[in-house]
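**Student:** For reference, the structure I am asking about is given below.
Number of protein chains: 4
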Amino acid sequence: MISIAVLGCGRIGRMHAANIAAHPRAELAGVFDVHGRAAAEVAEGLGVRRFASADEVFAASGVDAVLIATSTPTHVDFIERGVRAGKAVLCEKPIDLSLERVNALRQRIAGTSVPIMLGFVRRFDNGHGAARRALLDGEIGDLWQVVITSRDPGMAPAAYIEQSGGIFRDMTIHDLDLARFMLGEEVTTVTASGSRLVDPALMERCQDYDVVTVLLSTASGRQAVITNSRQASYGYDQRVELLGSKGMVISENALENLVSRHTADGTSIRARLPHFFIERYRQAFDTEIGLFVDAVENGTPVPVGFEDGRIALLLADACFRSVAEGRTIAVSELE
Amino acid sequence: MISIAVLGCGRIGRMHAANIAAHPRAELAGVFDVHGRAAAEVAEGLGVRRFASADEVFAASGVDAVLIATSTPTHVDFIERGVRAGKAVLCEKPIDLSLERVNALRQRIAGTSVPIMLGFVRRFDNGHGAARRALLDGEIGDLWQVVITSRDPGMAPAAYIEQSGGIFRDMTIHDLDLARFMLGEEVTTVTASGSRLVDPALMERCQDYDVVTVLLSTASGRQAVITNSRQASYGYDQRVELLGSKGMVISENALENLVSRHTADGTSIRARLPHFFIERYRQAFDTEIGLFVDAVENGTPVPVGFEDGRIALLLADACFRSVAEGRTIAVSELE
Amino acid sequence: MISIAVLGCGRIGRMHAANIAAHPRAELAGVFDVHGRAAAEVAEGLGVRRFASADEVFAASGVDAVLIATSTPTHVDFIERGVRAGKAVLCEKPIDLSLERVNALRQRIAGTSVPIMLGFVRRFDNGHGAARRALLDGEIGDLWQVVITSRDPGMAPAAYIEQSGGIFRDMTIHDLDLARFMLGEEVTTVTASGSRLVDPALMERCQDYDVVTVLLSTASGRQAVITNSRQASYGYDQRVELLGSKGMVISENALENLVSRHTADGTSIRARLPHFFIERYRQAFDTEIGLFVDAVENGTPVPVGFEDGRIALLLADACFRSVAEGRTIAVSELE
Amino acid sequence: MISIAVLGCGRIGRMHAANIAAHPRAELAGVFDVHGRAAAEVAEGLGVRRFASADEVFAASGVDAVLIATSTPTHVDFIERGVRAGKAVLCEKPIDLSLERVNALRQRIAGTSVPIMLGFVRRFDNGHGAARRALLDGEIGDLWQVVITSRDPGMAPAAYIEQSGGIFRDMTIHDLDLARFMLGEEVTTVTASGSRLVDPALMERCQDYDVVTVLLSTASGRQAVITNSRQASYGYDQRVELLGSKGMVISENALENLVSRHTADGTSIRARLPHFFIERYRQAFDTEIGLFVDAVENGTPVPVGFEDGRIALLLADACFRSVAEGRTIAVSELE
């Protein structure tokens, strides 16, 4: 039984807290949030301790691990404090918006044996996982192309966008990690196309993009494509396609119920896609907690670690630079 | 090269004539219809002879075989004349509306070596055929249940209905034959439910039904269900489902093109089902001609013969009796 | 907040207990089982009281309602005691295996204002519900045919089958209720076909059937078909199809994840159907508790009541009689 | 009735000849091929004249139009001779492998009123067409992203590859035209990734690629992605996806028959995709002839013209340059 404290009681922190509380091999040590009221609400709802400060969390002797779901600017500090306190860390992406700060942290914590896991939850989705397993099992032969479709149901609030670090670090970063996971090989070049189509005024103000396409390649010639949009009127679109020498496998969107209608107008299905990430990746978030507990309990490597988080950020930076300079970026330029 | 004359230049006769004309191993000897103008039109369009009478057809020395697509009351006579003239026969269903007359014909032509094939075209559909092949190949183990869905896009004209012999002899007869084909065993009991829902006034006048469900069983306990409707607003619905001890196989409806639309209202496909039997079973009608030619050329048994046509009619009669008497009919009662 | 005690801590009772414990507007008052150990385990796991006897439950002042998930022979007594104690009842199907006993109970509790709800959970499935809503909203016009496919993944243990009351009262009863729910009109005739194909020896010994097809009709001419099998190697098959004058709607099987594989062999999806009723109808079981709580809290009618349970049993009896006597049964014969 | 002569009796020429012969408003004037035997075979099979030389074709007074399906190096000359002879031209892609020669031809034929249509057949596919119509009808709002998947079932023979002009001019050119057709706006930048994965030795020898991904963008910020492979073990994969502000539409692959199999291993469909372009785009090739006839008969503009062929080639050249130089190419660089 691993005792985990949750830092951050926003939407995703609350979800994690509940998942940990319900997990048979984990225990929710308590929760913390700079907004005491948010923390109190979650603590009360789940019947656990509310930590008065982050200091209290890192000092607490009964806490084995921390899940960091606070705002991005706090991640670097909290990871470092977790490592210093010998508490395993499960940190939401991104590690930070600055690759420089992430690199500096890497140096400071080099050699630590404290597990640090990154919350790239899509790796744990049963559908995407089955697609990858098909690849690893040789079902589709050698991998040639990866096509990732990842579109949000609707534009996030302006306040969120403004502090998000931009679409590549906020949204595409998940797909960049998933592409690496599927490619089984490091990305060497990045070309991105970024447009302002959903909310041009907001994007102009933030110097951000809301519809982007990314083209990745590896040393052996594998290719990956990511298509992102901040808005997909038909719902949260999450698909992964792998083409190999012997076949293709697609992790398709799953509809919650399947009622087909057949009339003179044709066939239709009215069911929506699962609304957003908490609903869509419910199983994956559960699995994530279990894998973190496994790693902490057994001292085995985390399934996705600090370096994965750093590389995903580096690829996101490459995307921004590609759009800004209108050219293909060699990943080696950013190291 | 088999030379085939087509009797009857209605919708289905015209289609057969064109198929024969286009067939690499068949030759269209000519066409006949009591409506000279219809025959002339087809003969001219295809560049073949118009026979002035059925007598002329059966007397023609260059004609190897006849395809009978005339009105139902002429079938018995034309089959018999084909047999007498030593010309192979491919006859559209039903043989006749009267089981008595069919039984009498059976006696009169007993022992003939002239091939007589019945136009139960659905047996030759690639989809239904693949389902049956899966069964024969042991993919789904022992057969337990057959579910046939067969619904016409819209009610036929009153004039057609009036002389059709009723839904069971006109429409269900195809499904009764298909059920036998799939069951691989004779039907022993028949229960039918018949309703007047699409056009109650017409049905009342004709003492006919427009929505029917039929339940069949065999000696070994296999069960088959047929659901028919004279109207399916969404198109010509033709499905066959086979449940066995090891699995299920379904020959589903095929849409001509597959354009999926995804909006806030859900997912839809606007394509219609193929409109009606000529479009839906185009491949099967082609295959049918080829199999008939094979049988005639090689002297091999026809794939579906006179006795199949007789039994299908007998089962149709059992359906009518079941509805009329509100009870399950043992097929043995009608023999 | 309604306080509900659960009687019976078998598989389904445990599930209901957990659902009630997790429900925002319900409270789990405690659990009871004649096997004290089973009850203790559930009580401990959920942190609630273990009642020492059913008497204790019905006498408990804080208990507003009881959920009866004990073995079938106890249902009649427990319903009656619930009614006498003024505690609302949610009872698993069937009420009893004997229509006579059910009719007698009906007389004894006639006029009670205590809510009695039957656990016909499929009515609450989002998919089946959406199909029915499409019908009620006029999307498919007048209803003509209902086709219910309902097949269990594998044969239940012999011990279960032996005391189940037979397939029609144990398994088909759900579909009979669902057919009534969809038809919107009482069933007037029943024809059933019953076979011994999955486990002939066991079926012979129990005088039961394992593959059955049922044909129902109503006064207005609507038709319903139910196909059941105690074994479907491909999983728990649960589909409902409604044909109407303007179209068709199908509540299809939903796969949990959708990974399509495309190779030289064709396209495949390896995902299984949800294994069995607890997984397949998880949402429906949750909804059921909510609707029961609504009815108890607001004094509104239960969505499916004692009389629904009685009629479903009567139709199941009609099925048995139809197979035994090889004939169509008028429902009026059994009243 | 337009009289069309077919130049070139290879696989695609033969198909066109047969389509023209069968077309109600077109007449096959005859065929020509430098391989007299090939031409003779087609001429005999279809009962038409065999032209002894291209000169004879262009001089023939009864010939209204020519369909050019000869080898690519002859296209420029034949187009020019068609224009000089006042015979409408339907030319297979590409116009030529050299953009310079195409530009020169453009100058020489500038101002001609003779219709020149390019055989970009995919524009005429009912599925792709319905997707575009949905866009034009406003169903998916403003267009944001286009995703084209286009993969051949298997590597062409080495001899074909060697003289093909490379994958971008031979294969991708179809998708580049389709992307322009869907985007409704000119492409401004091109980035391509090219790999040698299917047959590395052959690709190395020809300095060609067999797995490529192309990223296109337009002035307004629309993005298009093309994924190509010379081999897709599962068949000829042809899909088009359009994302817009109000939804998404996908022209999916259509299977010829739809037999679903459900076993303990999951669900599968064994049907193959239509094998290759002649089967897959049969309807589109038919439609193409009809549209060409329309343009010639009515003097209306051709639906896809010389300039479309020129721009597609220019984009193909941009793809090659992008791979060679590892950078994004502005289309303006090539004009």
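Chains as they are written, first to last, in numbering that gives the first Met the number 0: chain P, 0 to 334; chain Z, 0 to 334; chain F, 0 to 334; chain W, 0 to 334.
Just so you know, even glycine gets a beta-carbon here, dropped at the ideal spot from N, CA and C.
Please list, in chain order, all residues of the same chain as residue 2 of chain P whose beta carbon is under 6 Å from its beta carbon, the five residues on each side excluded.
**Tutor:** 26, 28, 61, 62, 63
**Student:** Span of the alpha helix (DSSP H) holding residue 201 of chain W?
**Tutor:** 199-205
**Student:** May I ask which residues mark the beginning and end of the beta strand (DSSP E) holding residue 16 of chain Z?
**Tutor:** Unbroken run through residue 16 of chain Z is the alpha helix (DSSP H), 10-21; no beta strand (DSSP E).
**Student:** What are the start and end residues of the beta strand (DSSP E) that includes residue 148 of chain Z?
**Tutor:** 142-150
**Student:** Does the separation of the CB atoms of residue 54 of chain F and residue 74 of chain F fall below 8 Å?
**Tutor:** Contact check for residue 54 of chain F against residue 74 of chain F fails: the beta carbons are separated by 8 Å or more.
**Student:** For a quick check, are the C-beta atoms of residue 253 of chain W and residue 137 of chain W less than 8 Å apart?
**Tutor:** no
**Student:** Can you list, in chain order, the residues of the region 212-230 of chain F whose Cβ is nearer than 7 Å to any Cβ on chain P?
**Tutor:** none
**Student:** Taking 8 Å as the CB-CB limit, is residue 233 of chain P close to chain Z?
**Tutor:** With 8 Å as the cut-off, residue 233 of chain P counts as an interface residue toward chain Z.
**Student:** Output the boundary residues of the beta strand (DSSP E) element that contains residue 274 of chain Z.
**Tutor:** That residue, residue 274 of chain Z, is in no beta strand (DSSP E); it is neither H nor E in DSSP.
**Student:** For a contact defined as C-beta to C-beta under 9 Å, what are the partners of residue 247 of chain Z on chain F?
**Tutor:** 150, 231, 232, 233, 236
**Student:** What are the boundary residues of the beta strand (DSSP E) that residue 261 of chain F is part of?
**Tutor:** From DSSP, the beta strand (DSSP E) with residue 261 of chain F extends over 258-262.
**Student:** Please say whether residue 115 of chain Z and residue 78 of chain Z have beta carbons closer to each other than 8 Å?
**Tutor:** yes
**Student:** Name the chain P residues that come within less than 7 Å of residue 146 of chain W, Cβ to Cβ?
**Tutor:** 226
**Student:** When the Cα of residue 197 of chain P is compared with those of P:208, P:290, P:191, P:189, which residue comes out closest?
**Tutor:** P:208
**Student:** What separation, rounded to the nearest whole angstrom, lies between the Cα atoms of residue 324 of chain F and residue 144 of chain Z?
**Tutor:** 21 Å
**Student:** Using a Cβ-Cβ distance cut-off of 8 Å, determine whether residue 198 of chain Z contacts chain P.
**Tutor:** no
**Student:** Taking all protein chains shown into account, decide if residue 121 of chain P is buried (16 or more other Cβ within 10 angstroms of its Cβ) or exposed.
**Tutor:** buried
**Student:** Say whether chain F places a C-beta atom closer than 8 Å to the C-beta of residue 250 of chain P.
**Tutor:** yes
**Student:** Taking only the alpha-carbon atoms, compute the straight-line gap between residue 319 of chain P and residue 167 of chain P and give it to the nearest angstrom.
**Tutor:** 7 Å
**Student:** What are the boundary residues of the beta strand (DSSP E) that residue 238 of chain P is part of?
**Tutor:** Taken as a continuous stretch (DSSP letters only), the beta strand (DSSP E) holding residue 238 of chain P covers 236-243.
**Student:** Answer yes or no: does any C-beta atom of chain W fall closer than 8 Å to that of residue 26 of chain Z?
**Tutor:** Interface annotation, residue 26 of chain Z: not in contact with chain W, CB-CB separation never under 8 Å.
**Student:** Quick one: what's got a C-beta closer than 7 Å to residue 172 of chain P's C-beta in the same chain, skipping five residues either side?
**Tutor:** 92, 93, 311, 312, 315
**Student:** Starting from the beta carbon of residue 261 of chain Z, find every residue of chain A whose beta carbon is closer than 7 Å, and list them in chain order.
**Tutor:** No chain A appears in this structure, whose protein chains are P, Z, F and W.
**Student:** For the region 99-111 of chain P and the region 211-227 of chain P, state whether three or more C-beta atom pairs, one from each stretch, are separated by less than 8 Å.
**Tutor:** no
**Student:** Taking residue 140 of chain P as the reference, which of P:233, P:248, P:151 has the closest Cα?
**Tutor:** P:248
**Student:** Flag this pair as touching only if the region 226-240 of chain F and the region 221-231 of chain W have three or more C-beta atom pairs under 8 Å; answer yes or no.
**Tutor:** no
**Student:** Whose C-beta lies closer than 6 Å to the C-beta of residue 148 of chain P among residues of the same chain, with five residues either side of it excluded?
**Tutor:** Excluding residues within five positions, the ones whose Cβ falls inside 6 Å are 226, 236, 238.
**Student:** Ignore the nearest five residues each way along the sequence and tell me which others in residue 302 of chain Z's own chain have a CB closer than 6 Å to its CB.
**Tutor:** 290
**Student:** If you draw a straight line from the alpha carbon of residue 183 of chain Z to that of residue 210 of chain Z, how long is it in whole angstroms?
**Tutor:** Whole-angstrom Cα-Cα distance: 26 Å.
**Student:** Let me check one thing: in DSSP terms, what residues is residue 49 of chain Z bridge-paired to?
**Tutor:** Z:30
**Student:** Please state if the CB of residue 6 of chain P and the CB of residue 67 of chain P are separated by a distance shorter than 8 Å.
**Tutor:** yes
**Student:** When burial is assigned at 16 or more other CB atoms within 10 Å of the CB, is residue 222 of chain F buried or exposed?
**Tutor:** buried
**Student:** Taking all protein chains shown into account, decide if residue 336 of chain P is buried (16 or more other Cβ within 10 angstroms of its Cβ) or exposed.
**Tutor:** Here chain P has residues from 0 to 334 only, and residue 336 of chain P is not among them.
**Student:** Output needed for residue 56 of chain P: all residues of its chain with C-beta closer than 7 Å, excluding positions within five of it in sequence on either side, in chain order.
**Tutor:** 4, 6, 31, 50, 62, 65.
**Student:** Going by DSSP, which residues form a beta bridge with residue 215 of chain W?
**Tutor:** W:189, W:223
**Student:** Residues in the region 315-326 of chain W with C-beta within 7 Å of chain P's C-beta atoms, listed in sequence order?
**Tutor:** 325, 326
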